[in-house]
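So the sequence shown is numbered by my numbering: it starts at 2 and just counts up by one.
All residues carry an ideal CB built from backbone N, CA and C; glycine is no exception.
Data block below; observations after.
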Amino acid sequence: QVQLVESGGGLVQPGGSLRLSCTASGNIFSFYVMGWYRQAPGKQRELVAAITSGGSTNSADSVKGRFTISRDIAKNTVYPQMNSLKPEDTAVYYCNAQAAFGYWGQGTQVTVSW
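Rendered as structure tokens:
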């Protein structure tokens with residue numbers, strides 16, 4: 002059974018930075034893509050950023066230039082680095098991994114506020 006364990010959420014002021022992490026119980030090369038989604042209250046879950054097993058990355062237009070995604074293969078961990086955070090980035094952030102099935106982490110709250 003694949004498990005995704007997330008960490009790094011919290012409260013940050015506008016303009017600040019956070020780095021989340023998602024550690025998979027298996028080899029991340031077994032997933033053809035790993036990504037981060039977010040869901041704000043009353044809104045649909047949306048893709049934030051993703052990285053393929055080949056290392057290609059993609060991110061939502063709303064976070065381009067502010068968020069990046071990277072990975073540490075030795076640690077089976079994927080990191081979104083979130084800079085210049087805005088109040089509208091407030092949401093629960095979820096890690097996702099796609100293989101033969103899709104897997105989700107438990108979610109971590111990110112709150113951007115004074």
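Is any heavy atom in the ligand FAD found nearer than 7 Å to the beta carbon of residue i?
i: S114; result: Absence of the ligand FAD is noted for the structure shown, with no ligands found whatsoever.
Would you list the one or two residues that DSSP bridges to residue i?
i: S71; result: Y80
i: A98; result: M35, Y104
i: R20; result: Q82
i: A50; result: W37, S60
i: Q110; result: V93
i: S1; result: Nothing in the structure corresponds to residue 1, since the chain is present only between 2 and 115.
i: V13; result: V113
If you run the structure through DSSP and keep just helix, strand and coil, what is residue i?
i: S31; result: helix
i: P88; result: helix
Hey, residue i and residue j: beta-carbon distance below 8 Å or not?
i: G103; j: E7; result: no
i: W37; j: P88; result: no
i: G17; j: L86; result: yes
i: G41; j: T91; result: According to the sequence shown, residue 41 is Ala rather than Gly. Yes, these two residues count as a Cβ contact at 8 Å.
Among residues of its own chain, excluding the 5 on either side of residue i, which ones have a beta-carbon nearer than 8 Å to its beta-carbon?
i: N77; result: T24, A25, S26, G27, N28, I29
i: Y33; result: T53, S54, Q99, A100
By Cβ distance, which residues of its chain are closer than 6 Å to residue i, with the 5 residues on each side in sequence left out?
i: A10; result: For the record, residue 10 in the displayed sequence is Gly; it is not Ala. If we look at G10 and ignore the five residues flanking it on each side, its Cβ neighbours are T109, Q110, V111.
i: S71; result: Y80
i: L12; result: T112
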